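S.K.:
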């Protein structure tokens, strides 16, 4: 806590592995609107870094003030090879306009993991979109990047018992999600060359 002592206090410190990044779709949309009002672009990494905030009280038993403070997270070591983003929707049948906004914001070609976790000054750690699981009501569809054909090889689509190919890149995937009213629920980003 910066306000209760001459020197900043670290009253709680925990190491843990975070295998997914849970993001409320509503918070993502609201934060994007706020950034737009302030004149910033819609930068997914900045939104993810700020949407996933927690607060804890500054511990009084360690000379803290007891006030709620933002939790500071640090990435220890190298950025992970994979980042799984889970989008939490408030409705299983979101309006098409909301789906379109979230798809435009979250379903991106790449993501810089260092910026998501607030690691600046150490270079970029880009991760490429390789998989999306989406739903409509109680129906699930998976899209996996067709690695055998390279980045222009399209997406293998797994829809119930049907396996098909969606040609094109991320723009074609975005179009399919919006037009099919498919709400992206899980997005998998991988380091180039990671298995």
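Residue numbers (our numbering): 46 to 240.
Ideal Cβ placement from N, Cα and C applies to all residues, glycine included.
This structure is a prediction, so every number in the text was calculated from the model and none was measured.
1. With a floor of 3 residues, list each beta strand (DSSP E) that falls wholly inside the region 188–231, ordered by position along the chain.
2. Kindly indicate the opening and closing residues of the beta strand (DSSP E) around residue 179.
3. Applying the criterion that 16 or more other CB atoms from any shown protein chain within 10 Å of the CB defines a buried residue, is residue 112 buried or exposed?
4. Among the candidates 187, 212 and 192, whose CA atom is the shortest distance from the CA of residue 206?
5. Could you give the DSSP three-state label for residue 112: helix, strand or coil?
6. Alpha carbon to alpha carbon, what distance is there between residue 203 and residue 114?
7. Using CA atoms only, rank isn't needed, just tell me which of 226, 227 and 147 is closest to residue 77.
8. So, using beta-carbon positions, are residue 68 and residue 133 closer together than 8 Å?
9. Do residue 153 and residue 128 have their C-beta atoms within less than 8 Å of each other?
10. Out of curiosity, what's the CA-to-CA distance linking residue 70 and residue 104?
M.R.: Quick look at the numbers:
1. Within the region 188–231, the complete beta strand (DSSP E) runs of at least 3 residues fall at 200–204 and 207–211.
2. That run of the beta strand (DSSP E) goes 171–181.
3. Exposed, since its Cβ has fewer than 16 Cβ neighbours within 10 Å.
4. Out of 187, 212 and 192, the CA that lies nearest to the CA of residue 206 is found in 187.
5. Annotated three-state conformation of residue 112 is coil, per DSSP.
6. Computed Cα separation, rounded: 44 Å.
7. Nearest option by C-alpha distance: 147.
8. In this structure, residue 133 lies closer than 8 Å to residue 68 by Cβ.
9. Cβ distance not < 8 Å, so residue 153 and residue 128 don't count as in contact.
10. Approximately 32 Å between the Cα atoms of the pair.
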